[in-house]
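Trainee:
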Amino acid sequence: MPNAAENLTENLLPETGAGTIGVHGVTKRFPGVIAVNNVSLTFHPGEVHVLLGENGAGKSTLVGILAGLQEPDEGYLSINGERTRLSSPSASLEAGISTVFQHSMLVPTLTVLENLTLGAPWYERPPRDRIAARMEELKRDFALSLPLDAITGELSLGQQQQIEIARALLRDSKVLILDEATSMLTPQGAQELGTRMQKLVKSGLAVIFITHKLAEAYRYGDRISVLKQGALAGEMGPEELKSMTEDQAVDEIVRLMFGREAGATSTEHRESTAREETVLNVDGLATQGDADVMGIEDITLALKAGEILGVAGIDGNGQKQLAEAMAGQRPVTAGRVTLAGEDITKATVAQRRRKGLRYLTDDRLEEGSVAAFPISENTVLKDIGQPPFWVNGLERPHRIAQHARDLIAKFSVHTPGETTPIGRLSGGNIQKVLLGRELSGDARVVVFNKPTYGLDLQNIDKSRQRIAEIAERGLGVFLISTDLDELMALSDRILVMEGGRIRGIVDNDGTGEALRLRIGRMMAGEEEHKQATE
Amino acid sequence: MSMEEDMMSGSADTEARAADSATPTAERSAFQRILTVTVGPIIAAFILSAIVLMLVGVNPLTYYGYILERSLFSGLGLQQTATRMAPLLFLCASLIIAFRAGIWNLGTDGQFLLGAVASAATAPLLVGVLPGWAVLLVGFVLAALVGAVWSIIPALLKAYQGVNEIITTLMMSFLGVLLASTLVKLVFRDPSTTVPQTRTLPVADRLPRLFDTSISSGLIWGLIAVVAVHLMMTRTAFGLRLRMVGANPSAATHAGLSVPLLTMATFALSAGLAGVSGASEILGVAGNVRANWDPAYGLMVIPLVFLARFDGYGAIVLVFFYSALMIGSESAARRLGVPQDFTLLLVASLLICLGLGEYIDHRKRRKER
Amino acid sequence: MSGLLTEAFLSSLFTGAIVAAIPMLLAGLGEQMSEKAGVLNIGIEGMMLMGAYMGFLVAFQTESLWMGFLGGILGGVLTAVVMAVLCVVLGLNQIVIGIGLTLGAEGLTALLHHFQFSRTYPRLPAPERLNIPGLTDLPVIGPSLFGRHLIVYLAVLAVVVLAFLYRRTNLGMTLRAAGERPAALDVAGGNVQGIRIFAVLFTGAMAGLGGAYLANIGAGLFIPFMTGGAGFIGIVLAMLARGRPLWVLIGALIFGAALSLTTALQVAGSNIPTDVIQMLPFAAVMLVLVLFGRRAKLPSALGAAYERGAR
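What follows is the structure, encoded as structure tokens:
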């Protein structure tokens, strides 16, 4: 079995070397949408080929086709010039393609060794010694260090990603697909991944790196293909990229993606609309953690009316638990929450809502709505039993329907009607309904958890505008996000959470890169930097 | 493990049947869909069971014909069918609440029997002490309480410990059936007869008959129960809360509902209605509980409720036909020598054919979209 | 009650415990594999009944108990095929289909039995007992523990074999992946449908064998509905055993002992009514569930059908 070291000495020509994948005129349709539209590309070994596009541009579908999860409706794939059909994940793996998906495809209760051998025939035994030996090589060549007997679910997300990369290398894959691999990493972690990708391609692999972040495409890619609404909008080869600066490249990419100049989507800094009065106070808040969920400790902050307080941090460091504790959904073991001077620590979710504290969850379909219920019912889900929609416990369907229609109009929700089950709507439209629901009545503080996650760029823009408008109107906004650009564009101050604690609260002073690096270090738990919390 | 109104487990596209009927798909008419999903499976099930009948040497046409004639086309049969509907309707009400709230209450048999024993033990003793209507009322209320109490352990385990209720309710059911028999034999035994049974409630003190017929008025109460449950689930705030817990417990918590309390309420209501079902059989028809009596209506009603997609009115129609089937097959057991257990087979094949029909419909709908 | 500790009582208690435990053990082992793979098999009671009927039928006709066991396995597997097709391949609701299969098996076996045997109620001859030199001669426990039919010891051997397979081969890992995160298994090139179908068929085979044991050895004849909840108890055993076959065995023995208390107490001449004693195993199950139910760790994907690339 050739190991990675041997690969280094193989002399591979770009066009005919093992691992050239050709995509020829591939089209894939889903009900109501053309996800991939007549795309033709070639992936060469020795290159990091970036597939760039906003959410909904067709990247994930293309990945699905390359990974064997879907088959194209038109067009075909080729491996090393030969036409191939990848009808299942096994076929894809056998063709030498390994895919690391955006959401971890590891079994959390199995050990690292078991996850590395997943998919092997059931009658065999895991070849422990062989794998241990190869892991030593991989450690040497690619800095992949993994404890074989640890339970996968207990490792960090970065380590889990390394397991998936190691698995690809153990299979001697020729092509490694990384789908949105940096979404769970700190800026430093992303840098490490970039370096690792370069090592991998130098050893002869082809790496396909999918992202929607423009800067990453330039920094880590040798070749960039831009996808727009399912079609190939343009390609930038290695020579072209080498000849440009980062800014020039970003401009060109933006032009390809949106046909306009970068200025329109720049991460412009928003003017602060913060007022004098403090609208939300959190003092020493703490919640209980357990095996699955982080507990938070010693959370103290103050939010002014009209202010946007951004919350940065890697996913899973207590941000969601903080939001739930503030909303009343999670029991609190210590501390106080005060809304406009009133202590609401003991208040229920419904009571807090009525007093003006609203919470827009990131989990739109699993938590925020009931997919099978019509939009109309979803708009009043948090007000069940309340007049005017219910009188003496009896439903007033007409009032609910009218309320829903008003909301649909006001927030431009694309839907056949208010009786459509909300699960049928696109992510962006569901978000609009939820936003409309949280803003109805007298809202004073809105807690947003990853509000633009998974939306296409138009909706992201609109959502950010709305958030800014809400703050302008005098509401306090608590904005949790994993998108640092978004936080830096919108926030007055940025709070960084790591390990369930606040690592620091910094003013968004427009110092760009320097600020970004500081925040990145805090996200990794390195710097304890506490400023005045007022 | 969520409860879907159809049998496609966790299907990828979330379809709500109500909305579908409002906006029918263009290419396949509503008629075609009903054919695939309701009528087709029923016919297929009857054919499948007919094959088994032929295998054991019984002419299916004779059998089906006899059943129809005996239960629907004769005056007496029709009345018996109507009377039999009462306990089944209460059970439908019980299961509609449970299933719509996402709770698998498989313990209705035990709750039914204990409710029956509770009413059978107390009613005869209260005759003469209380006015007639009060005797019956006490009997029903007690049955409801006993049924509800019998579900407390599974309810608590589910609500606060997350223990799967399928197993706990099943075990309590077995326990309940045995307990009921023990109570009849040892505690509530009628001293005046040799046959082990409870004291008999005189016919005059049972639920009155309707007009001139022999149909028990329990039928009316059963109908009221199903309709009331249906309206509650679809038109009230409480019903919406229960449905939310059934459809998406995380969303329910997010919306500020107390899932554990609502779970307890669901168990109490569902088990209580099952107890009332038992009482209706005693106070309306039988008058006493014999030892080792277990008609096991509970599990049989489950397929009917699924067939009706948890809709109250649909359930009433199906219960009517199922009662006819039961009355007919009971008689056929004596006359034609085909044991009544055949109905088990028929209902089971109905369930399976329904599942297949759902699947075919599901596939066709995805191709269209 | 004075005869409680006599040799006759204890011997009958142990014998009864083992005879009662074996069907539950087999059902539990079968269900355990299904659950590991993510399939909640409520139809197991139906599979046992079919196994009991087929087992009895074949044993009666061929006059061979071993052929009867094969027949039982066949009966269970045929029922399991229906479940595999409907639930694993087509993705129908596992619980509803499971209830349907149980009801259907009850009706079918009762019907068939009525037309075939209800007039004659034939019995099978008493099963051969093993005689292990030395062990079978031990007082009290000797004949009851070591003088049973060979199938008993094969069933216990199955516990060991399964434990080995689960821990040392990729079988255990593949099953657990299918039950916890089928998407991960699929993407790694494993066959989710395949392993689940295998697990369901295995459950059918074990349940069918358990039913055949119940009919052919436990009772010597077939009575409609004779499984009396043994399959469901098997589900409980599997749920509480946390993935270890050994715990299924221990649980089955405990419940078997509770069940056999009936006959044993009657042998001892007590007059506690049968119904009360029959309640014991179910009461024991509830007690265990109350005390340990929370610890029953079930695979995350249990009960949900897997669809590749579901949007």
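Chains as they are written, first to last, in the numbering used here: chain B, 1 to 534; chain C, 1 to 369; chain P, 1 to 311.
For every residue, glycine included, the Cβ atom is placed at its ideal position computed from N, Cα and C.
Cβ closer than 7 Å: which chain B residues qualify as neighbours of P:ASP186?
Mentor: Within chain B, the residues near P:ASP186 are PRO89.
Trainee: Quick one: measure Cβ to Cβ for B:PHE389 and B:VAL380, integer angstroms, because I've assumed they're closer than 8 Å.
Mentor: That belief holds up - the Cβ atoms of B:PHE389 and B:VAL380 are roughly 5 Å apart, short of 8 Å.
Trainee: What residue ranges within the region 31 to 93 of chain B form continuous beta strand (DSSP E) runs of no fewer than 3 residues, ordered along the chain?
Mentor: Counting only runs of 3 or more, we get 33 to 43, 48 to 52, 74 to 79, 82 to 84.
Trainee: If you draw a straight line from the alpha carbon of B:VAL26 to that of B:GLY335, how long is it in whole angstroms?
Mentor: Their backbone Cα atoms lie some 57 Å apart in a straight line.
Trainee: For B:ASP383, which residues from the same chain have a beta carbon less than 7 Å from its beta carbon, with the 5 sequence-adjacent residues on both sides left out?
Mentor: For B:ASP383, where only same-chain residues beyond five positions count, the Cβ hits under 7 Å are PHE389.
Trainee: According to the neighbour-count rule (16 or more other Cβ atoms, all chains shown, within 10 Å of its Cβ), is P:THR6 buried or exposed?
Mentor: P:THR6 is exposed by the Cβ-count criterion.
Trainee: Output the boundary residues of the alpha helix (DSSP H) element that contains P:GLY38.
Mentor: First-last for P:GLY38: undefined, no H or E at that position.
Trainee: Could you tell me the alpha carbon to alpha carbon distance between P:ALA252 and P:VAL236, rounded to whole angstroms?
Mentor: Answer to the nearest angstrom: the Cα atoms are 10 Å apart.
Trainee: Taking the CB atoms as reference points, tell me whether B:LEU484 and B:ARG516 lie closer together than 8 Å.
Mentor: For B:LEU484 and B:ARG516, yes; Cβs fall inside 8 Å.
Trainee: Quick check on B:GLY476: buried or exposed, where buried means 16 or more other Cβ atoms within 10 Å of its Cβ?
Mentor: The residue is buried, with at least 16 neighbouring Cβ atoms inside 10 Å.
Trainee: Below 9 Å on C-beta distance, what does C:ASN371 contact in chain B?
Mentor: Residue 371 of chain C is absent from the model: chain C starts at 1 and stops at 369.
Trainee: Which chain P residues sit within Cβ distance under 8 Å of B:ALA67?
Mentor: Going along chain P in sequence order, the residues near B:ALA67 (Cβ under 8 Å) are VAL187.
Trainee: State the Cα-Cα distance for the pair B:GLN215 and B:ASP247, rounded to the nearest angstrom.
Mentor: According to the sequence as given, residue 215 of chain B is Ala; it is not Gln. For B:ALA215 and B:ASP247, the distance between alpha carbons rounds to 9 Å.
Trainee: Output, in sequence order along the chain, the residues in the region 382 to 408 of chain B whose CB is closer than 7 Å to any CB in chain C.
Mentor: Answer in chain order: LYS382, ILE384, GLY385, TRP390, GLY393, LEU394, GLU395.
Trainee: Mind pulling the chain B residues with CB within less than 8 Å of P:LEU171?
Mentor: Those are TRP122, TYR123, listed as they occur along chain B.
Trainee: Any contact of the region 116 to 127 of chain P with the region 228 to 243 of chain P, i.e. 3+ C-beta pairs under 8 Å?
Mentor: Result no; under three Cβ-Cβ pairs closer than 8 Å.
Trainee: Check each candidate in B:THR482, B:LEU144, B:ASP343, B:GLU307 and name the one with the smallest Cα separation from B:VAL282.
Mentor: The candidate whose alpha carbon is nearest that of B:VAL282 is B:ASP343.
Trainee: Using the C-alpha atoms, what's the distance from B:LEU495 back to B:ILE502?
Mentor: Answer to the nearest angstrom: the Cα atoms are 7 Å apart.
Trainee: Which residues, taken in chain order from the region 295 to 310 of chain C, show a beta carbon closer than 9 Å to some beta carbon of chain A?
Mentor: The structure shown has no chain A; the protein chains it does contain are B, C and P.
Trainee: Cα separation between B:PRO121 and P:ASN170?
Mentor: So the alpha carbons of these two residues sit roughly 7 Å apart.
Trainee: Helix, strand or coil, according to DSSP, for B:GLY368 in the structure here?
Mentor: Correct three-state label for B:GLY368: helix.
Trainee: Do P:ALA110 and P:GLY46 have their C-beta atoms closer together than 8 Å?
Mentor: Not in contact: P:ALA110 and P:GLY46 (Cβ atoms no closer than 8 Å).
Trainee: Does any residue of chain C bring its CB to less than 8 Å from the CB of B:ALA350?
Mentor: With 8 Å as the cut-off, B:ALA350 counts as an interface residue toward chain C.
Trainee: How should B:GLU418 be labelled, buried or exposed, when 16 other C-beta atoms within 10 angstroms of its C-beta is the threshold for buried?
Mentor: Buried: at least 16 other Cβ atoms inside 10 Å.
Trainee: Suppose only complete runs of 3+ residues qualify. What are the beta strand (DSSP E) ranges in the region 441 to 507 of chain B, listed by chain order?
Mentor: Those beta strand (DSSP E) runs which fall completely within the region 441 to 507 of chain B and span 3+ residues are 445 to 449, 476 to 480, 493 to 498, 501 to 507.
Trainee: At 8 Å on the CB atoms, spell out the chain C contacts of P:GLU180, in chain order.
Mentor: Ordered by position in chain C, no residue passes the 8 Å Cβ test against P:GLU180, which lies about 15 Å from the chain.
Trainee: Given this structure, state the Cα-to-Cα distance separating B:ASP492 from P:SER300, to the nearest angstrom.
Mentor: B:ASP492 and P:SER300: Cα-Cα distance of roughly 41 Å.
Trainee: Between C:LEU242 and chain B, is there a C-beta pair that is closer than 8 Å?
Mentor: It does not; no Cβ of chain B falls within 8 Å.
Trainee: Could you check the C-alpha separation between C:VAL177 and P:GLN278 for me, to the nearest Å?
Mentor: If you take the alpha carbons of C:VAL177 and P:GLN278, they lie about 11 Å apart.
Trainee: Less than 8 Å between CB atoms is the rule here; does B:ARG353 satisfy it with respect to chain C?
Mentor: So yes, B:ARG353 belongs to the interface.
Trainee: Taking the CB atoms as reference points, tell me whether B:ILE375 and B:LEU490 lie closer together than 8 Å.
Mentor: No, Cβ-Cβ distance for B:ILE375 and B:LEU490 is not below 8 Å.
Trainee: Pull up the distance between the alpha-carbon of C:ASP294 and that of C:GLY278, whole angstroms please.
Mentor: Going by the C-alpha atoms only, they are around 10 Å apart.
Trainee: Spatial neighbours of B:LYS432 within its chain, please: CB distance less than 6 Å, with the 5 preceding and 5 following residues excluded, ordered by chain position.
Mentor: If we look at B:LYS432 and ignore the five residues flanking it on each side, its Cβ neighbours are PHE411, VAL413.
Trainee: Assuming P:ILE272 contacts P:PHE255 under a Cβ cut-off of 8 Å, what Cβ separation, rounded to an integer in Å, is found between them?
Mentor: At roughly 18 Å, the Cβ-Cβ gap does not stay under 8 Å, so P:ILE272 and P:PHE255 are not in contact.
Trainee: Which of the three DSSP states, helix, strand or coil, is assigned to B:GLU124?
Mentor: B:GLU124: coil per DSSP, three-state reduction.
Trainee: Output yes if chain C places a C-beta closer than 8 Å to the C-beta of B:ALA264; else output no.
Mentor: With a pLDDT of 41 at B:ALA264, under the threshold of 50, the predicted position of this residue should be treated as unreliable, though the coordinate-derived value follows. By this cut-off, B:ALA264 is not an interface position.
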